[in-house]
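This report refers to the structure that appears directly beneath it.
There are 2 protein chains.
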Amino acid sequence: MARVVVDVMLKPEILDPQGQAIVGASDRLGFSGVREVRQGKRFEVEIDGEAGEAELAEVRRMAETLLANPVIEDFSLRVE
Amino acid sequence: MARVVVDVMLKPEILDPQGQAIVGASDRLGFSGVREVRQGKRFEVEIDGEAGEAELAEVRRMAETLLANPVIEDFSLRVE
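These protein sequence lines map, in sequence, to chains A and B.
Numbered by the numbering used here, the letters in the first sequence go through residues 1 to 80 in order.
Numbered by the numbering used here, the letters in the second sequence go through residues 81 to 160 in order.
Here it is in C-alpha cells:
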C-alpha cells in the first residue's frame, strides 16, 4: 500500500475570506507577525501496491475530477 | 517573510465520512485501487521575518487555538 498526499489550494488570484478571518482572529488573540493565511484541503489517498507512474496518473485524474475544482483551485501530489 | 505550512488531519481513530464518500465516488467513476481517503485542512501561514524557534512556537500555539481542534484533530508544522 502507498500513500499519495494531494494538497488543494485556492489559486493565488482568488480571494480567501476564510484565511482573512483567521488573520483577523489571530490579531485579536495576540498572535503577532501573521501577515497572511491561506486555507486549503489536504487528502491522504491510500492506494493498493506501489505508487508508480500509472498509479500517480490515476490519482492525478481523480484529483482533477473529485478533489479539486480546476477553475478556482490548484493541486499538487506527492508520495509520502 | 517565511511560509509555515500547517497540516491538520482527523485523528486516526475518528471516522472520516467525507473520506469514505470520496472512496465511494471514486469507485463509481472507475478509479481503481483506491483503498482509503482521509480529508483534512492545509494552512499556509505567511509570517514576518524568518521562521526561527520563537516564530514556530507562535504558529504552533496559533494552530492549537485557531486552526485545529485538539480533541479530534492532529496537526503538523513545516517551513516551506
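For glycine and all other residues, C-beta sits at the position ideal for the given N, C-alpha and C.
Just so we're clear, the structure is a prediction, and the values are computed from it rather than from any experiment.
Looking at the unbroken alpha helix (DSSP H) that takes in valine 59 of chain A, where does it start and where does it end?
Within the first sequence, numbered from 1, the residue matching residue 59 of chain A stands at position 59. Note, valine 59 of chain A: alpha helix (DSSP H), 53-62.
Chain B contact residues for aspartate 27 of chain A, given Cβ-Cβ distances below 8 Å
Counting from one through the first sequence, the residue named residue 27 of chain A turns up at place 27. Under the 8 Å cutoff, chain B gives no residues; its nearest Cβ is about 11 Å from aspartate 27 of chain A.
Buried/exposed call for glutamate 130 of chain B, threshold 16 Cβ in 10 Å:
Working through the second sequence from its first residue, we reach residue 130 of chain B at position 50. When all chains shown are included, glutamate 130 of chain B counts as exposed.
Quick one, which of A:Gly24, A:Asp48, A:Met1 and A:Lys41 has its alpha-carbon nearest proline 63 of chain A's?
The count along the first sequence starts at 1 and reaches residue 63 of chain A at position 63. The question names proline, yet the displayed sequence has alanine at residue 63 of chain A. Alanine 63 of chain A has its Cα closest to that of A:Lys41, out of A:Gly24, A:Asp48, A:Met1 and A:Lys41.
For valine 151 of chain B, three-class secondary structure by DSSP
Position 71 of the second sequence, counted from the start, is the residue given in the question as residue 151 of chain B. In the structure shown, valine 151 of chain B sits in coil (DSSP, three-state: anything other than H, G, I, E or B).
Do glutamate 124 of chain B and arginine 83 of chain B come within 8 Å of each other at the CB atom, strictly closer than that value?
Here residue 83 of chain B is taken as the residue at index 3 of the second sequence, counted from 1. Here residue 124 of chain B is taken as the residue at index 44 of the second sequence, counted from 1. The answer is yes: Cβ separation under 8 Å.
Secondary structure at isoleucine 127 of chain B, three-state DSSP: helix, strand or coil?
Reading the second sequence from its first residue, position 47 is the one you call residue 127 of chain B. Correct three-state label for isoleucine 127 of chain B: strand.
Where the beta strand (DSSP E) containing aspartate 7 of chain A begins and where it ends:
Counted from its first residue, the first sequence places residue 7 of chain A at position 7. Looking at the DSSP string, the run of the beta strand (DSSP E) that includes aspartate 7 of chain A is 2-10.
Using a threshold of 8 Å, state whether the C-beta atoms of arginine 35 of chain A and leucine 10 of chain A are closer than that.
Against the first sequence, residue 35 of chain A aligns to sequence position 35. Against the first sequence, residue 10 of chain A aligns to sequence position 10. In this structure, leucine 10 of chain A does not lie closer than 8 Å to arginine 35 of chain A by Cβ.
Serine 156 of chain B, DSSP secondary structure in three states
On the second sequence, residue 156 of chain B is found 76 positions in, with the first residue counted as 1. Looking at serine 156 of chain B - three-state DSSP - the assignment turns out to be strand.
Local conformation of glycine 99 of chain B per DSSP, three classes:
Reading the second sequence from its first residue, position 19 is the one you call residue 99 of chain B. It is helical.
Closer than 7 Å by beta-carbon distance: list the chain B residues that pair up with lysine 41 of chain A, in chain order.
For the purposes of this step, residue 41 of chain A is identified with residue 41 of the first sequence, where counting begins at 1. Chain-order list of chain B residues neighbouring lysine 41 of chain A: Gln119, Lys121 and Arg122, by C-beta distance under 7 Å.
Straight-line gap, valine 88 of chain B to alanine 148 of chain B (C-alpha atoms, nearest Å)
Residue mapping note: residue 88 of chain B aligns to position 8 of the second sequence, counting from 1. Residue mapping note: residue 148 of chain B aligns to position 68 of the second sequence, counting from 1. The straight-line gap from Cα to Cα measures roughly 6 Å.
In the DSSP output, which residue or residues are listed as bridge partners for arginine 122 of chain B?
Numbered from its first residue, the second sequence carries residue 122 of chain B at position 42. DSSP, once it has assigned bridges, lists A:Gly40 and B:Asp87 as partnering arginine 122 of chain B.
Going by Cα to Cα distance, which pick from B:Val159, B:Glu160 and B:Val151 is closest to glutamate 93 of chain B?
In the second sequence, counting from the first residue as 1, residue 93 of chain B sits at position 13. Looking at the Cα atoms, B:Val151 is the closest of the given residues.
Is there a C-beta anywhere in chain B that falls below 8 Å from the one on isoleucine 22 of chain A?
Your numbering for residue 22 of chain A matches position 22 in the first sequence. At least one chain B Cβ lies under 8 Å of isoleucine 22 of chain A.
Output, in chain order, the set of chain A residues within a Cβ distance shorter than 8 Å of glycine 113 of chain B.
By one-based count along the second sequence, residue 113 of chain B stands at place 33. Ordered by position in chain A, the residues that pass the 8 Å Cβ test against glycine 113 of chain B are Ile47, Asp48, Gly49, Glu55 and Glu58.
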